[in-house]
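One structure is given here, and the rest of the page talks about it.
Numbering (the numbering used here), first residue to last: 21 to 131.
This is the structure:
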């Protein structure tokens, strides 16, 4: 994906990337942020993340990574991969793994 970032966008993305690095290196910070995100996106508080809840999470996360548009097919692929037991819902530990995976992906990006 080719995108010409402004200096301000690069500054924002690098700060977000530094935050991702911190979360990956500090388990306490990671767990706190994870709990906040899980609570935020588990809209109906059933302890599971459905596709629409996941769509909101991944869209926001990808946009914070500098992507302005997220393809629906990409969202469905990510959701299916995160749903390890194919239950149609992402359980809390599946969501934890998915969050960590997306953080690693973001941390490895170059701007």
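Every residue, glycine too, gets a C-beta built ideally from N, C-alpha and C.
Item checked: Enclosing alpha helix (DSSP H) for residue 42 [first to last residue] -> Segment 27–45, the alpha helix (DSSP H) holding residue 42.
Next item on the list: Check whether the region 38–55 touches the region 67–83, taking contact to mean three or more Cβ pairs, one atom from each stretch, closer than 8 Å.
Entry: no
Next item on the list: Less than 8 Å between the CB atoms is what I'm expecting for residue 25 and residue 86, so what's the real figure, rounded?
Entry: Residue 25 to residue 86, Cβ: 7 Å. Contact.
Item checked: Span separating the alpha-carbon of residue 39 from that of residue 125 -> 13 Å
Checklist line | Where residue 94 falls: helix, strand or coil (DSSP) | finding: helix
Check: residue 44 and residue 123: beta carbons closer than 8 Å?
Finding: yes
Checklist line | Beta-carbon contacts of residue 81 that lie in its chain and below 7 Å, excluding the five residues immediately before and after | finding: 122
Next item on the list: Would you decide whether residue 28 is buried or exposed? Buried here means 16 or more other CB atoms lie within 10 Å of its CB.
Entry: exposed
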